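Q: Following this message is one structure expressed as structure tokens.
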Amino acid sequence: MPGIALSPGVHSRLMKQLSELEERKASLIDEFYPLPTREREEFARLLDEYLQRVESLVTNANPQETCSD
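Just so you know, we're using this note's numbering here: the sequence shown kicks off at 1157 and counts up by one.
If you want it as structure tokens, here you go:
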């Protein structure tokens, strides 16, 4: 996603959210789906995809002071 401009505040919040969610991913999966089910697997895949997309956005974004939060 080259060319996306984010304010430094949004960039920082996305980095923080990414880090926190990555740390809590296993416990979130266990909390909502304690048993091995198809839904648990789908939820885990959804979280992985979300984390990959946010990481891609943050990595390729350009924090710019002129952007507003």
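No residue lacks a Cβ here, since even glycine has one placed at the ideal position from N, Cα and C. Note that this is a predicted model, so its numbers are computed, not measured.
#1: Straight-line CA distance for residue 1177 to residue 1207?
#2: Which value, in whole angstroms, describes the spacing of the CA atoms of residue 1193 and residue 1210?
#3: Would you identify the three-state DSSP class for residue 1227, choosing helix, strand or coil?
#4: Please state the DSSP three-state secondary structure of residue 1161.
#5: Quick check: the Cα distance between residue 1201 and residue 1175, rounded to an integer number of angstroms?
A: So, to answer that:
#1: As a first step, residue 1177 must be located in the sequence shown, where it is residue number 21. As a first step, residue 1207 must be located in the sequence shown, where it is residue number 51. Using only the alpha carbons, I get a separation of about 8 Å.
#2: Here the question's residue 1193 lines up with position 37 in the sequence shown. Here the question's residue 1210 lines up with position 54 in the sequence shown. Computed Cα separation, rounded: 26 Å.
#3: The chain is shown from 1157 up to 1225; residue 1227 falls before or after that span and cannot be answered.
#4: For the purposes of this step, residue 1161 is identified with residue 5 of the sequence shown, where counting begins at 1. Three-state DSSP puts residue 1161 in a strand.
#5: Sequence index remark: in the sequence shown, residue 1201 carries index 45 (1-based). Sequence index remark: in the sequence shown, residue 1175 carries index 19 (1-based). Roughly 17 Å between the two C-alpha positions.
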